[in-house]
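The structure appears right after this line, and notes come after that.
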Amino acid sequence: MRPTTFFVIRYKTLLMQRLLDAVRHGYHHYTSGQVPAEKALAFCQKFAERYDVALNRDQRAYRKRLGKGNARLVLADLAKSGVLHWFLLVSEGDHPARQQEPLRDALDSSTRIRVDDYELLRLPRDRKHGGGVRLTWRMTNQRFDTWRAAMRQLARSSRAEQEVPAVILSLFKTPGFSATRVQVGKLVAGLTGEWERAGRDPAALVLPPALPYVRRVADDDYTVIDWFKDQEEKKHGQSEAA
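In this note's numbering, the protein residues as written are 865 to 1106.
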């Protein structure tokens, strides 16, 4: 299987959606890592041969009927750093990755999938929306606490009214998954309370409406071959500049 089968995700929201999709469709076990540009094509080829990560839908369905597991390979370069981040996700059933890779449970609270300061988890769904559980992304506790401290510090700053627009703009760049929307709402409420306690003019605290839900993002038609060529061109440009 040629590496052109694999796409490289360049945007955080798209990566978060595709990882959530995989776990929702039963790919609950995973491992992840990084591979440098010069090894990326060979890496994809190896995983295609070893773990059948490039099978089409019919081929995966056939394996599932036989009681076998399937695997998916998700590639990303969010930092444009020349290093490829990868996630190998495996579904239930017999699969060679279970013997050869240190797989973790994406649904276990101690081994959740993370993307930067966000983690994928299951939360209860409100009864009025059908009950049960849902998969969503939220800020890690550490990231949320950092934001909460920043809000408190902002409200008490002597330059609060000058600084608040940039802080709010940054906060509202948070990807709008259901759990992150709740967190942003709590942070905004906390800031409003701190603002009032500091005796500041409420009119100076201009806040946007609630964080909008993230929209479904289309796949980016950017293959690992495209990515590799870009890394080679970047390296060539740097060598010429030197």
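Yeah, the Cβ is synthetic: ideal placement off N, Cα and C, and Gly gets one too.
The beta carbons of V917 and L937 sit about 4 Å from each other, so the pair counts as a contact at 8 Å.
DSSP, read as helix, strand or coil, puts K932 in strand. Measuring C-alpha to C-alpha distances from E1097 to each of G897, I873 and A901 identifies A901 as the nearest. Here the region 1032-1050 lies against the region 1065-1082, with 3 or more beta-carbon pairs under 8 Å apart. According to the DSSP assignment, V1052 belongs to the alpha helix (DSSP H) that extends over S1042 to R1061. Its chain contains no residue whose beta carbon lies nearer than 6 Å to that of D1083 once the 5 sequence neighbours on both sides are disregarded.
For the set R1012, L984 and T1056, the Cα lying nearest the Cα of R882 is the one of L984.
About 19 Å separates the CB atoms of K932 and D969; that is not less than 8 Å, and the two are not in contact.
Unbroken beta strand (DSSP E) stretches of 3 residues or longer found wholly inside the region 937-967: 947-954, given in chain order. C-alpha of L987 to C-alpha of H1100: approximately 48 Å in a straight line. Secondary structure at V1078: coil, using DSSP grouped into helix, strand and coil.
A direct Cα-Cα distance of roughly 27 Å separates K903 from T975. In the same chain as T1038, and ignoring 5 residues on each side of it, the C-beta atoms closer than 7 Å to its own belong to T1044, V1048 and L1075, in chain order.
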